[in-house]
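1 is the number of the first residue of the sequence shown in full-length UniProt numbering; add one for each residue after it. The beta carbon of each residue, even a glycine, is placed where N, CA and C say it ideally should be.
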Amino acid sequence: MLFLISAFTFCLLYYFTARRVRGLQYLFCGPSVIDAEYNAANHRAFFVPTPSNSHLMVSSREQIREYTNAPASKLSLHAAAKEFLQPKHTMHGFEWKDQRGVEGTGFVRALRSLMTANLPHFLPVLSETVKIQLEKEISEAHFADGKSYIKLHPMMMRLVVKTNCVVFFGEELARNDEFTSAALQFPENVFVAGEIIRMTPEFLASTVANIITKGHRSEKTLFHYLGPIVEARLETRRKERNGSLISSKPKDDKQWTVARTVGEIVAVWFSSIHQVAMESMRVSGSDAITGRRKVLEPFQLSDGTHASPGDWVCVPQRAIYFDSTFYDHPHAFNPTRFVGKERLTDAAYPWVSWGCGKYICPGRFYASAILKLIAFHIIREYRCSLEDVTASRFFVWRSAIVPRDSTVVMFEKLAALG
Numbered sequence: 001m002l003f004l005i006s007a008f009t010f011c012l013l014y015y016f017t018a019r020r021v022r023g024l025q026y027l028f029c030g031p032s033v034i035d036a037e038y039n040a041a042n043h044r045a046f047f048v049p050t051p052s053n054s055h056l057m058v059s060s061r062e063q064i065r066e067y068t069n070a071p072a073s074k075l076s077l078h079a080a081a082k083e084f085l086q087p088k089h090t091m092h093g094f095e096w097k098d099q100r101g102v103e104g105t106g107f108v109r110a111l112r113s114l115m116t117a118n119l120p121h122f123l124p125v126l127s128e129t130v131k132i133q134l135e136k137e138i139s140e141a142h143f144a145d146g147k148s149y150i151k152l153h154p155m156m157m158r159l160v161v162k163t164n165c166v167v168f169f170g171e172e173l174a175r176n177d178e179f180t181s182a183a184l185q186f187p188e189n190v191f192v193a194g195e196i197i198r199m200t201p202e203f204l205a206s207t208v209a210n211i212i213t214k215g216h217r218s219e220k221t222l223f224h225y226l227g228p229i230v231e232a233r234l235e236t237r238r239k240e241r242n243g244s245l246i247s248s249k250p251k252d253d254k255q256w257t258v259a260r261t262v263g264e265i266v267a268v269w270f271s272s273i274h275q276v277a278m279e280s281m282r283v284s285g286s287d288a289i290t291g292r293r294k295v296l297e298p299f300q301l302s303d304g305t306h307a308s309p310g311d312w313v314c315v316p317q318r319a320i321y322f323d324s325t326f327y328d329h330p331h332a333f334n335p336t337r338f339v340g341k342e343r344l345t346d347a348a349y350p351w352v353s354w355g356c357g358k359y360i361c362p363g364r365f366y367a368s369a370i371l372k373l374i375a376f377h378i379i380r381e382y383r384c385s386l387e388d389v390t391a392s393r394f395f396v397w398r399s400a401i402v403p404r405d406s407t408v409v410m411f412e413k414l415a416a417l418g
């Protein structure tokens, strides 16, 4: 631990010296910085400096249309994700290209078309999985005065992982505690390691990633279990095609080895966990921005605003959701706010939680179904309240808004209330 702290301190000193402390405030107050600049810009495009680059924020319908219509050779989602997650180091050598090609299209099809079409088939078993796991979590929690005291965010992560495992990997692996533990730990390792590596000299990146991920232990466990399954599926794929991630990969691409296929699957797995485990997509979303694109070639909006290669173009979703232009009394809770107006799965301005333009989240219908199943079982069976309503429930890092693991919610069985 002492070595890790020392290494991290060295990385910070190196990073901030190299960047001349540019955008330091963004690291610790990113959402507030974005909100303030958004309010001052009055729906015009604006820049937010960060320690690594500048973020051009576009918030009007016209600006978003301009940037989403830009070719991938100029503004790249894949390049932004690559910089954000550092997969070369955090995913044990798994590498993404800067531009989207055929390598990801099969998995997009599997999520957007095949999984969505089969949701009615999945729902009964998913509902039962949520019910069983929720009851298990509550039964194992500290119990006093007729209430179960549960750390909310860790419970939600375990609940989402267990449920997602059923669809992604089947019920047998979903019952395997070693596998599900690795599936839970892997996204956390990637997120933390990616953030630290972004502030680390390149020659230390692999060493730091190895320390944070404990030698990529969780990923190796996933590969251990998934590798033989993928190999068997690839062998039978020549004879039949079914509605799975593996059957959706490019048929004639010989570069799709077992390792490459498993790598793509665990990359999709990472994306499937964090957003679903958060609490409220409008008020308490997991990030203050969405629609990240990295500028690969000079980019200019019609109003003359110019972004340079290396910059990012983003949409300040939290600021939009707190804008009274779009939502009346945006800071107040209104249970009927979206009734008859918008659906959770909508992907039209100003509801930009699922992304923008051509890169709308292909798994949003599945994610919406899981969120609703969890909410249904909790609301039907329990009365919930915060143990400490004054305690801070979130911390921020860059634009991320992360629930604190220390937040405790009291669950009281409704049947016991009479």
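Among residues of its own chain, excluding the 5 on either side of residue 40, which ones have a beta-carbon nearer than 8 Å to its beta-carbon? 46, listed in sequence order.
Residue interval of the beta strand (DSSP E) (run including residue 360): First-last for residue 360: undefined, no H or E at that position.
Range covered by the beta strand (DSSP E) that runs through residue 148: 147–151
One or two residues paired with residue 49 in a DSSP bridge: 54
Is residue 189 closer than 9 Å to residue 219 when the C-beta atoms are compared? yes
Would residue 209 pass as a contact of residue 89 if the rule is Cβ separation under 9 Å? yes
Quick check on the burial criterion: 16 or more other C-beta atoms within 10 angstroms. Buried or exposed for residue 164? Here residue 164 is buried: its Cβ has 16 or more other Cβ atoms, across all protein chains shown, within 10 Å.
Is it true that the CB of residue 289 sits closer than 9 Å to the CB of residue 130? Contact flag unset, no.
Take residue 103 and list the residues in its own chain whose beta-carbon comes closer than 6 Å to its own, dropping the five residues that flank it on each side. Confidence is the limiting factor: at residue 103 the pLDDT is only 48, short of 50, which leaves the residue's position unreliable and the question unanswerable from this model.
What is the rounded straight-line gap between the Cα of residue 115 and the Cα of residue 262? 18 Å
Could you compute how far the alpha carbon of residue 319 sits from the alpha carbon of residue 227? Cα atoms of residue 319 and residue 227: separation of roughly 43 Å, rounded to the nearest angstrom.
Nearest-angstrom beta carbon gap, residue 166 and residue 134 [assumed within contact, 8 Å]: That belief does not hold up - the Cβ atoms of residue 134 and residue 166 are roughly 14 Å apart, past 8 Å.
When burial is assigned at 16 or more other CB atoms within 10 Å of the CB, is residue 379 buried or exposed? By the 10 Å Cβ count, residue 379 comes out exposed.
Residue range of the beta strand (DSSP E) that includes residue 383: 382–386
When you compare only the Cα positions, how much space is there between residue 87 and residue 414? Approximately 45 Å, taken between the alpha carbons.
In or out: residue 386 buried (at least 16 other Cβ within 10 Å) or exposed? exposed
Per the DSSP calculation, residue 401 is bridged to which residue(s)? Under DSSP, the beta-bridge partners assigned to residue 401 are 396.
At least 3 beta-carbon pairs within less than 8 Å: the region 280–300 vs the region 315–334: yes
Just checking my contact of residue 141 with residue 150 at CB under 8 Å: how many whole Å lie between their CB atoms? 5 Å
Rank 54, 63 and 59 by C-alpha distance to the C-alpha of residue 421 and give the top, closest one. Examination of residue 421 is not possible in this model, given that the chain is present from 1 through 418 alone.
When the Cα of residue 183 is compared with those of 216, 205 and 194, which residue comes out closest? 216
Residues bridged to residue 290 (per DSSP): 315
Do residue 293 and residue 36 count as a contact pair if the criterion is CB distance below 9 Å? no
Given this structure, state the Cα-to-Cα distance separating residue 315 from residue 401, to the nearest angstrom. Approximately 15 Å, taken between the alpha carbons.
Distance between beta carbons of residue 291 and residue 355, contact taken as under 8 Å: 6 Å
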